[in-house]
Each structure stands twice: as C-alpha cells, then as structure tokens.
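Taking the working numbering, the leading residue of the sequence shown gets 2, the next gets one more, and so forth.
C-beta atoms are modelled at their ideal positions from N, C-alpha and C, and glycine is treated no differently.
If you're wondering where the values come from, they're calculated on a predicted model, not measured in any experiment.
This report concerns only the one structure given below.
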Amino acid sequence: MIVKYNGVEYKTLKKDLYEIFPGIYGGNQHIGNKLLSVFGCGAVSLATFDSYIKSKPLTKDELISKQKKIFNRYLQGPISAYRFKLGVHLYYCRFKKEDLIVKVRYNFLESIDSINKTLRLIKTSIDNDIPVPLIIGLKTRNKYKNNLKSHWVTITGYARNGNLLVSNNGRMEFINIKSLIANRLFIATIYINIPRI
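Right, here's the structure in full:
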C-alpha cells in the first residue's frame, strides 16, 4: 500500500500494524519485565514479524506473553544478527529446513554498493508483504550523539529517497538508511521467508 507521511510517499506492508497490535505500532519491549525492557529489542522485532505474518490481532496480555516467550526461549540478552538468525531457526523449527529461508545482510561504514543491495532486499521484502528486522549497530565515536549502543527495529515501509518506515517499541518512526549508516559502524537486515501460516 502507498501512504504519504510528511510529504514523502512510502510503499508499506499491506496490513496496518495498528490493527494487529493493541493500540501501538508493533511490539514494545517496555511493556514486559525489566530484563526484557533492557535487552528485549531483538525478541520484540521477532514478535512483531511473527504477529504480522500470522495477522491475528493481539490483546496487550497476549503481546506481553508472546514477547516474554520469545525472549526467554529464543533471543535472550543482547542479540547480534547471526544470533537473531539462529533464534529465528529455533522459533520456526516446525518448518522443514528447505522451507525456511533466513539471510543476514550486513552494511559496514558507508559502503554505497552495500547500501544499494540492502535497499533492494528491503524493497523486495516489503513488496512481498514481509516485514524486515533491522539491527542498528555500534555508533561511530565522533558522529553519533545519543547513547544507543545497538538496537533492533522492524522495517514496515520504504521511500525512494532512502527513508524507511519502522516499528520501534510500539511507535511508527522514520529513519534514513544512508545517514544512519554514516553514523554507525554497521547495520544488518534479516530477510525471513517462511511458509504463510
């Protein structure tokens, strides 16, 4: 679906996250326990992905339960992109190995070719109605002002100018992938393709 925010057109997922989640835009690590609120962004990104794919509206209690389950069983603690990939395989282990595709795409230090490949992966995923987990990696010392070390969000849309629409702790936010990678040592996207449930 095409939507316009702040004068910019975004191609988005077909279903609205607000219709699946209880009054928020995707999962939120701050509505669980203290450990989840500190280290749960990877689990929240997988919960957002899974809930979207299943398209079943959740109550707040169901969302909290799902996020805790994913955190406690599959993605506990700070999560790297490859650890996230392993967690996805464990979470979806009921599928045959050949039916589950999980790919990690890293970008390091402003590689334009790498960014363009990542943007193509994001475009293909969103065009096929598949949300994209994204880890925003370590900040570079001299450019990035905030204290965020690493963080997972879920991409839900893209614009031609490199802007991305993301779910970040229950909020809809906009980020620009080119300026993001200019201020980070790396970012990584996770392409997940599972049989539709």
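Any heavy atom of the ligand GTP closer than 8 Å to the CB of Asn184?
-> Among the ligands in the structure shown, none appear at all, so the ligand GTP cannot be discussed.
Do Thr119 and Thr49 have their C-beta atoms within less than 9 Å of each other?
-> no
Please go through the same chain and pick out, in chain order, the residues whose beta-carbon is closer than 6 Å to the beta-carbon of Tyr145, but skip the five residues on each side of it.
-> Any reading at Tyr145 needs caution, since the residue's pLDDT is 46, under 50, leaving its predicted position unreliable; the model's value is listed next. These residues qualify, in order along the chain: Asn184.
Grab me the residues of Ile3's own chain with a C-beta within less than 8 Å of its C-beta, minus the 5 sequence neighbours each way, in chain order.
-> Glu10, Tyr11, Lys12 and Thr13
Neighbourhood of Tyr75 by C-beta distance below 6 Å, restricted to the same chain and skipping five residues each side = Counting only residues of its own chain and dropping the five nearest sequence neighbours on each side, Tyr75 has a CB closer than 6 Å to the CB of Gly88, Leu91 and Tyr92.
Distance, Lys15 Cα to Asp130 Cα = Rounded to the nearest angstrom, the two C-alpha atoms are 6 Å apart.
Rounded to whole angstroms, how far is the Cβ of Tyr107 from the Cβ of Ala82, which I believe are closer than 8 Å?
-> Right, their Cβ atoms sit about 7 Å apart.
Beta-carbon proximity list for Asn177, same chain, < 8 Å, skipping 5 on both sides = Once the five neighbours on either side are set aside, the close Cβ partners of Asn177 are Asn162, Gly163, Asn164 and Leu165.
Buried versus exposed, by CB contacts within 10 Å (16 or more), Lys57 = exposed
From Gly78, Cys94, Ile25 and Pro79, residue whose alpha carbon lies closest to that of Ile65 = Nearest C-alpha to Ile65: Ile25.
Alpha-carbon spacing of Arg95 relative to Lys86, whole angstroms = 15 Å
Buried/exposed call for Phe22, threshold 16 Cβ in 10 Å = Looking at its Cβ environment, which holds 16 or more other Cβ atoms inside 10 Å, Phe22 is buried.
When we look at the beta-carbon of Tyr19 and count the other beta-carbons within 10 Å, is it buried (16 or more) or exposed?
-> exposed
Would you report the Cα separation of Tyr6 and Leu135, rounded to the nearest angstrom?
-> 21 Å
Using DSSP with H/G/I as helix, E/B as strand and the rest coil, what is Tyr107?
-> strand
Could you have a look at Asn169 and say whether DSSP puts it in helix, strand or coil?
-> Correct three-state label for Asn169: strand.
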